[in-house]
Amino acid sequence: MKNIVLISFHNQKALGIRYLEKALVSEGIATNLIFFKGFNSIKPGTCSKHELQLLKELISELKPDLIGLSVMTSLYLETVYEVNKMLRDSFNTPVLWGGVYTTLFPERSLEHADFVIRGEGEQTIVELTKAVFNSTPYTDILNLGYRVSNNSSSNDCKSEGIIINDVRPLCENIDLFGYPELGGVNKYFINNDTLTKGDPILNSLSFELTASRGCPYVCSYCCSVNIKRVYKNKGKYVRFRSVDNVIEELKIAKARMKNLKVIHFWDEIFSDEDNWVDDFVLRYKKEINLPFEIWGHPLRTNKPLIEKLVKAGLYKVVMGIQSGSPRVRKQVFHRVEKQEEIINASKTLADCKVPQVNYDFMLQHPFETVEDIKETYELCMSLKPPFELQLHGLNFLPGTDIVDMAIKMNILNTEELEKIMYSPIQEQYNMYWGYTNNSVMSNFWYALIFMTQFSISRPFARFFAARYHSKNIVKLALKSQAVFKPLKKIRYYYKKGILVLRAMRLS
Ligand code: B12
Numbered sequence: 094m095k096n097i098v099l100i101s102f103h104n105q106k107a108l109g110i111r112y113l114e115k116a117l118v119s120e121g122i123a124t125n126l127i128f129f130k131g132f133n134s135i136k137p138g139t140c141s142k143h144e145l146q147l148l149k150e151l152i153s154e155l156k157p158d159l160i161g162l163s164v165m166t167s168l169y170l171e172t173v174y175e176v177n178k179m180l181r182d183s184f185n186t187p188v189l190w191g192g193v194y195t196t197l198f199p200e201r202s203l204e205h206a207d208f209v210i211r212g213e214g215e216q217t218i219v220e221l222t223k224a225v226f227n228s229t230p231y232t233d234i235l236n237l238g239y240r241v242s243n244n245s246s247s248n249d250c251k252s253e254g255i256i257i258n259d260v261r262p263l264c265e266n267i268d269l270f271g272y273p274e275l276g277g278v279n280k281y282f283i284n285n286d287t288l289t290k291g292d293p294i295l296n297s298l299s300f301e302l303t304a305s306r307g308c309p310y311v312c313s314y315c316c317s318v319n320i321k322r323v324y325k326n327k328g329k330y331v332r333f334r335s336v337d338n339v340i341e342e343l344k345i346a347k348a349r350m351k352n353l354k355v356i357h358f359w360d361e362i363f364s365d366e367d368n369w370v371d372d373f374v375l376r377y378k379k380e381i382n383l384p385f386e387i388w389g390h391p392l393r394t395n396k397p398l399i400e401k402l403v404k405a406g407l408y409k410v411v412m413g414i415q416s417g418s419p420r421v422r423k424q425v426f427h428r429v430e431k432q433e434e435i436i437n438a439s440k441t442l443a444d445c446k447v448p449q450v451n452y453d454f455m456l457q458h459p460f461e462t463v464e465d466i467k468e469t470y471e472l473c474m475s476l477k478p479p480f481e482l483q484l485h486g487l488n489f490l491p492g493t494d495i496v497d498m499a500i501k502m503n504i505l506n507t508e509e510l511e512k513i514m515y516s517p518i519q520e521q522y523n524m525y526w527g528y529t530n531n532s533v534m535s536n537f538w539y540a541l542i543f544m545t546q547f548s549i550s551r552p553f554a555r556f557f558a559a560r561y562h563s564k565n566i567v568k569l570a571l572k573s574q575a576v577f578k579p580l581k582k583i584r585y586y587y588k589k590g591i592l593v594l595r596a597m598r599l600s
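The numbering of the sequence shown is my numbering, which starts it at 94 and goes up by one.
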């Protein structure tokens, strides 16, 4: 039977290919999903020879007529290239790429793939798969890009031998996409040198979904604004699902996932629209009643909203602040919120007693001065505790505005940036989580920022900060990290335990 295989990388929950499966299966197209490698945000590593062999054997068994690779992030390109090469060397099947990276770099992707799909793929993948299966023309399919053997006269032709068609208008009613199917015999997970049949999500403690698509902000380090530009004049970019549709999806997850303890909403901006939220909290509490986590934004955090969400089960908010320096935030990161707005948001989260508040910062990157990192320390001291900090570096992601800024400001040149952006997966993660800045004072303020998140170390941070001119104090503060760093691990296990207990009480 003709079928399509879709492969995700380092992500067994992969919303992208799960939505595509829904679209294909709804049209009666046989679809298999392979989750190649599990998610590991600290030490991902690439695939082993054995894992590649397992994939090859599985593809030989499934005999697909089209193979789609989900290239969501450039960080995992090393694994994507290995898989792509194996497919090219071993099979004659056309290969299709899609996902955020492909959307922003269709020409580059076509150096490896026969077809690319830009943007949201539901309708296009159905049209392309039908065309490939039935050997009918695909040249006019919107969102599609493909290689041609001889030159074409099409206006959409961007480079020789390549056609990139226009994108279709965005689907405004995203309920029409439905939601991913849980379980099924068409799912395979390859990880740790083992192939497991069945949907890996079914045994998970958490369920991940998104109640919206798109983001209204223009942060320079994120791809969202660049994806939005691909869709210029093609309709509304930020769209919300109906509460009904979201609750239906969650009810199925709750019924089918026996270990389910927590829900993650991965909306770039969780809805703050009154009617939607009122309806959601009422139904969520009544029909789902499990702790849930959202990503927050300082400009979308107000007391009535957070109070309602906490009553419904909101247990964790992760809020990107990224820098305490107004200069870095505005001029480098293109973020519009002011210092007082961030502090007020932190008051709201603390006053509403959100059980877990996590602030995200990008530090020690080439745009930052010692004065900027000192300002981040000062902001952290003004945030209302309790909170946790997620401190990391800046990933230069291909196609983002910050890459062009780094070139224009002579911070890095094109070759240096290419090397950074396309280096092996582990190197990119080391840069992201690493502690590579050599300036002693930058390391000093970084250490103090870390200390602001624990009530036990906060007074020490204040003490060290007041004496930052003294070399001995700077040395002492840097040494004291060895004492405070383990606090993070202790807190992690403590919070995890509390969360499981809380979920057991609720269910
Ligand atoms: C939610 C999310 C996550 C979740 C993923 C949850 C999950 N279950 O999948 C979590 C928090 C785990 C996560 C982790 C990471 N993420 Co993330 N994430 C997002 C976010 C906000 C939304 C993605 C999403 O689920 N959208 C909804 C689904 C339905 O859309 P989609 O995935 O884009 O899929 C559609 C199309 O792209 C296309 N498509 C997708 N796959 C395929 C395959 C084929 C064959 C075809 C034809 C089409 C196609 O069709 C799909 C349906 O319309 C995006 C931002 C964004 N605007 O995309 C960042 C984003 C994708 N993440 C990003 C990054 C960097 C990461 C991490 C590397 C972060 C880190 N340092 O660890 C990891 C990598 C995870 C991984 N292994 O892939 C970057 C990627 C950019 C880049 N160049 O690398 C983005 C764009 C954000 C940013 N900073 O710019 N992420």
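Beta carbons: idealized from backbone N, C-alpha and C, even for Gly.
Going by DSSP, what residue range makes up the beta strand (DSSP E) through residue i?
| i | result |
| --- | --- |
| M350 | Run containing M350: none; DSSP gives neither H nor E here. |
| R240 | 237-240 |
| E481 | 481-485 |
| S163 | 159-163 |
| L302 | 299-302 |
| V323 | Unbroken run through V323 is the alpha helix (DSSP H), 317-323; no beta strand (DSSP E). |
| V355 | 355-358 |
| V429 | Premise fails: V429 is in no beta strand (DSSP E) and is neither H nor E. |
| I234 | That residue, I234, is in no beta strand (DSSP E); it is neither H nor E in DSSP. |
| V209 | 208-210 |
Assign residue i to one of three DSSP states: helix, strand, or coil.
| i | result |
| --- | --- |
| K290 | strand |
| C250 | With a pLDDT of 43 at C250, under the threshold of 50, the modelled position of that residue is not reliable, and no figure is offered here. |
| K280 | strand |
| N455 | Looking at the sequence shown, residue 455 is not Asn but Met. Three-state DSSP puts M455 in a strand. |
| I583 | helix |
| F128 | strand |
| L541 | helix |
| Q105 | coil |
| R555 | helix |
| I504 | coil |
| G413 | strand |
| S202 | helix |
| W369 | helix |
| L99 | strand |
| M597 | helix |
| L490 | coil |
| V260 | coil |
| V450 | strand |
| I513 | helix |
| S34 | Residue 34 is absent from the model: the chain starts at 94 and stops at 600. |
| L476 | coil |
Taking 7 Å as the cut-off, is the C-beta of residue i nearer than that to any heavy atom in ligand 2?
| i | result |
| --- | --- |
| Y194 | For the structure depicted, ligand 2 is absent and the ligand set comprises only ligand 1. |
State the start and end residues of the unbroken alpha helix (DSSP H) segment that holds residue i.
| i | result |
| --- | --- |
| W526 | 518-526 |
| T195 | 193-197 |
| L170 | 170-183 |
| E434 | 432-444 |
| L148 | 142-155 |
| F460 | Run containing F460: none; DSSP gives neither H nor E here. |
| V311 | Segment: none, V311 is in no alpha helix (DSSP H) and carries neither H nor E. |
| F226 | 215-227 |
| I122 | From DSSP, I122 is part of no alpha helix (DSSP H); its letter is neither H nor E. |
| V576 | 564-577 |
So that I know if they touch, is there some Cβ in chain C lying closer than 8 Å to that of residue i?
| i | result |
| --- | --- |
| S299 | This model lacks chain C altogether, as it is built from one protein chain only. |
Contact between the segment 454-461 and the segment 278-292 (3+ Cβ pairs under 8 Å) | no
So does the segment 384-399 actually touch the segment 438-451, counting three or more Cβ pairs closer than 8 Å?
-> yes
Should the segment 447-456 be called in touch with the segment 150-160, which here means at least 3 C-beta pairs below 8 Å?
-> no
Stretch-stretch touch, CB-based, cutoff 8 Å, three pairs: the segment 115-124 with the segment 141-155 = no
What beta strand (DSSP E) runs, 3 residues minimum, are completely inside the segment 375-409?
-> 385-389
So, do the segment 400-410 and the segment 377-384 have three or more beta carbon pairs nearer to each other than 8 Å?
-> yes
Taking one C-beta from the segment 344-351 and one from the segment 268-277 each time, how about it: are there three or more such pairs within less than 8 Å?
-> yes
Contact between the segment 414-430 and the segment 463-480: three or more CB pairs below 8 Å?
-> yes
Any chance the segment 234-244 sits against the segment 253-268, with 3 or more Cβ pairs inside 8 Å?
-> yes
Indicate whether the contact test is met: 3 or more Cβ pairs, each with one atom in the segment 196-203 and one in the segment 170-184, closer than 8 Å.
-> no
Is there contact between the segment 312-332 and the segment 493-505, where contact requires at least three CB pairs shorter than 8 Å?
-> yes
Is there contact here, the segment 203-217 with the segment 261-270, by at least three beta-carbon pairs under 8 Å?
-> yes
Take every Cβ of the segment 128-146, pair it with every Cβ of the segment 314-325, and state whether three or more of those distances are shorter than 8 Å.
-> no
Are the segment 502-514 and the segment 472-480 touching, with three or more C-beta to C-beta distances below 8 Å?
-> no
Touch check for the segment 542-553 and the segment 566-584: three-plus C-beta pairs under 8 Å?
-> yes
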